[in-house]
Amino acid sequence: MRPEVLNCLFAQSAGLKGVGPGLSRPLERLGLQRIRDLAYHLPERFVQRRAVASLDEAAPGEQIVVALTPREHRQSSGRGPFRVMAEDDIGNIVALTYFGRASYTAKKQLPVGARRWVAGRLDQFGQTWQIVHPDHVSADGAAMLGQLNEPVYGLSEGLTQGRVQALVQQALAQLPHLPEWIEPGLVARMDWPAWHDALQRAHHGHDKAARDRLAYDELLANSLALMLVRESNRARKGTPLHGDGHLRARLSLPFELTGAQKRAIAEIESDLAQGAPMLRLLQGDVGSGKTAVALHAMLMAVECSTQAALLAPTEILARQHAETLQRMAAGTGVTIALLTGRDKGKARESILMGLVDGSIDICVGTHAIFQDAVTYRNLALVVIDEQHRFGVGQRLMLSQKGRRTPHCLAMTATPIPRTLTLAEYGEMDVSRLDEMPPGRQPIDTRVIAQERLGDVIEAIGRHIAKGAQAYWVCPMVREQESADLAAAEARHAMLRERFGHGVEMVHGQMRPEDKDSAMQRFARGEAKLLVATTVIEVGVDVPNATLMVIEQAERFGLAQLHQLRGRVGRGSQQSTCLLLRGDALSETGRERLALMRETQDGFRLAEEDLRLRGGGELLGTRQSGDTPFRVADLDQIARLLPLAHDDARLLMERDGGLSSERGAAARILLYLFERDWGVQLLRGG
Ligand code: ADP
Ligand code: MG
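First residue of the sequence shown? That's 0 in numbering that gives the first Met the number 0, and the numbers climb one at a time after it.
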């Protein structure tokens, strides 16, 4: 049960003043449904303003607050801007310029002759001063001068800075005081504020100590939870498996295993022989041959007359896995079944029967394979593909199946820098496939200016005419979801007009069935061109697709580009990846795209990405989706994670049951960061 002191933090944001039904969607999109989320919605940066008595004191480009008196309203003809010509206290004239609907409010806020305080960026426009869309206009000077240092928050459509600021302030006013969970010596050495103060301070100015403390909390929560999982796993009973190899001997794979595959298989074999359940991560770039390793592991289970299950993140991937495994294992006599949420009636019944009576050896599917109705005769091994899509909590739920805890092999193609491996997978044992199967052709990667779109489309035409298939990827980010979606849809329409009905589209807001059927048409070769937002990232395998175009490539993370590019180059044909770039490319942006051209080593790209994004930027280096953290950014992870890890380890050694005073505080921390599955394990023992 969640400690009571946290209840106010987990109340819904919808209960706050000023949150109508229109705000719930935008808040949800930013993950701000609860008071807690608002409190942790830390500013991306701060606008520093200077109060000036007259415009003479300010420089062009400077953020200022100044008192002005409007002298004239000027409406330009047609769609031109609306201007308020205003005067400072010594007679300098400045144009306050508004476009579109903002001019209605401006007219009301800035009546001629009424002295107002105006905040905004002062620019020079020819000979005159200008402020385009002032940030604030108010008759109340004291209020404005109190806002010289203003936080800037991440937004999504439908939310304004003012609205988010007001909601965050309400949330901050409700924060409880919580006991200290960090080791006291560390708090003193770092000069960190207590939790309550840290949150207040982090919203009111650039405050490194406060931000670090909050990040540290999150890292500590994560480390502790992963350790609790590991501890409880050690205490459980698995099924020791000593496969005699008779099924593996009957495998006739059309290739020789790589050294890395052999090493991983040997590591798994030795884990499976233990009494405690395996908890191992198989990390290997796209195409490194994880499936063959998984098959070997599953055969080890079947050799001991137990069952294995493979969990995939989507139906398509589940189907692909089932087909691949059936083909690979054809000579072994092993029975492999596919179970998805879509199977109904008789077909489903017969699979369920097969799992109960043990006539099915290996079950492949989506999370449907772990629903309550599904019972296994003796499940001894669970393989999870693309494990980052599943929380550890879900992994644990799996372990309730079967009388003994199944061994767990998680597989991921996400290349993670070494500093992050600990954070993501903490206490798991790791096997890395750091060697590619021989004979891979490098993907010919080129960076092309957006203006050459016409040439690119011609190239696609030639490509399709040869019977090959292609992907066209458009960016999609939360902050401008509908604009991005509109752009992707426009691109789809345009390509369809050019190439006809063999052009399909998939994006994140489609119904899963529609998405699946579009994907299927592409996988079967009926569609030649697939326009997609990032949903194709994970696992899709269409060897005939040998060309990929990525629009606005600079907006993607390197790791993400790498994952996307991994969709091509899967057959024997030479593949090409065209990265279209906009013209306003930063130095770092240039460097990142150049790296994509230079290397195909996912681990190297991940490390370089971290290096390029670290340093430099002040706040907000965090990119959603890259790490399991919302508060800690990459730089903080690198600096503070080792400390948090040691701190957690020490606490576990002294007080593994979290029953001391500090242990109780640590429980609160786990709930605060929703790592409470850790606590629940404690109780379960
Ligand atoms: P991953 O799941 O790691 O992205 P797959 O398991 O799908 O990679 O393997 C990619 C391709 O490489 C498959 O076509 C597979 O048959 C092939 N493959 C796997 N191992 C080897 C190997 N040792 N030698 C040659 N080809 C291999
Ligand atoms: Mg795979």
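Note that the Cβ used here is the ideal one computed from N, Cα and C, for glycine as well.
Please classify residue 566 as buried or exposed, where buried requires at least 16 neighbouring CB atoms within 10 angstroms. buried
Between residue 5 and residue 365, what straight-line distance do the alpha-carbon atoms span, to the nearest angstrom? Using only the alpha carbons, I get a separation of about 35 Å.
Span of the alpha helix (DSSP H), counted from its first residue to its last, around residue 221: 207-234
Less than 7 Å between the CB of residue 254 and some heavy atom of ligand 1, yes or no? yes
Chain-order list of residues whose beta-carbon lies under 8 Å from that of residue 687 (same chain, five-residue window excluded): In the structure displayed, the chain extends from 0 to 684; residue 687 sits before or after that span and is not available.
Given that a residue counts as buried once 16 or more other Cβ atoms are within 10 Å of its Cβ, and exposed if not, what is residue 127? With fewer than 16 other Cβ atoms within 10 Å, it is exposed.
In its own chain, which residues sit with a C-beta less than 8 Å from the C-beta of residue 659, not counting the 5 before and 5 after it? 653
Rounded to whole angstroms, what is the Cα-Cα separation between residue 286 and residue 359? 28 Å
Assuming residue 64 and residue 144 make a contact with CB atoms under 8 Å, what is their CB distance in whole Å? 7 Å
Answer yes or no: the CB of residue 20 versus the heavy atoms of ligand 1, is any distance below 7 Å? Residue 20: no, Cβ never under 7 Å from ligand 1.
Strictly by DSSP, which residues pair up with residue 430? 281
Taking the alpha helix (DSSP H) that residue 309 falls in, what are its first and last residues? Where residue 309 is concerned, there is no enclosing alpha helix (DSSP H), although the beta strand (DSSP E) it sits in stretches over 306-310.
Stretch pair the region 425-442 + the region 508-520: three plus CB contacts closer than 8 Å: no
Enumerate in chain order the residues of its own chain whose CB-to-CB distance from residue 543 is below 7 Å, with the five nearest sequence positions on each side excluded. The answer, listed in chain order, is 467, 468, 524, 570.
Along the chain, where does the beta strand (DSSP E) containing residue 182 start, and where does it finish? Counting along the chain, residue 182 falls outside any beta strand (DSSP E), and DSSP gives it neither H nor E.
Residue nearest to residue 685 in terms of C-alpha spacing, selected from 113, 526, 668, 54: This structure cannot settle anything about residue 685, because the visible part of the chain is limited to 0 through 684.
Beta-carbon spacing of residue 280, residue 299 below 8 Å: no
Residue 360, DSSP secondary structure in three states: coil
May I ask you to report which of helix, strand or coil DSSP gives residue 45? strand
Buried or exposed, going by whether 16 or more other CB atoms sit within 10 Å of the CB of residue 406? buried
Can you check which of these residues, 577, 594, 133, is closest to residue 547 by C-alpha distance? 577
Mapping the DSSP letters down to three states, classify residue 499 as helix, strand or coil. helix
When DSSP labels each residue in this structure, what does residue 81 get in the three-state scheme? Three-state DSSP puts residue 81 in a strand.
Residue 512 - DSSP class collapsed to helix/strand/coil: helix
Quick check: the Cα distance between residue 411 and residue 223, rounded to an integer number of angstroms? Computed Cα separation, rounded: 23 Å.
Alpha carbons only, please: which of 512, 484, 470 is nearest the one belonging to residue 502? 470
Under the DSSP definition of a beta bridge, which residues are partnered with residue 150? According to DSSP, residue 150 bridges with 45.
Separation of residue 101 from residue 118, as counted between CA atoms: 15 Å
For ligand 1, any of its heavy atoms closer than 7 Å to the Cβ of residue 317? no
For ligand 2, I want to know if residue 305 counts as a neighbour, meaning its beta carbon is within less than 7 Å of at least one of the ligand's heavy atoms. no
Which of helix, strand or coil does DSSP assign to residue 665? helix
In angstroms with no decimal places, state the Cα-to-Cα distance between residue 379 and residue 311. Approximately 17 Å, taken between the alpha carbons.
Jot down the residue ranges of each uninterrupted alpha helix (DSSP H) in the region 435-504, minimum 4 residues, whole runs only, in chain order. Listed in chain order, the complete alpha helix (DSSP H) runs (minimum 4 residues) inside the region 435-504 are 452-464, 480-498.
With residue 198 and residue 174 assumed to form a contact (beta carbons below 8 Å), what rounded beta-carbon distance in angstroms separates them? Correct: roughly 6 Å between the Cβ atoms.
Below 8 Å, can you find three or more Cβ-Cβ pairs linking the region 601-609 to the region 184-193? Because the criterion of three Cβ pairs below 8 Å is not met, the region 601-609 and the region 184-193 do not touch.
Could you give the C-beta distance for residue 178 and residue 667, rounded to a whole number, given that I count them as a contact under 8 Å? 7 Å
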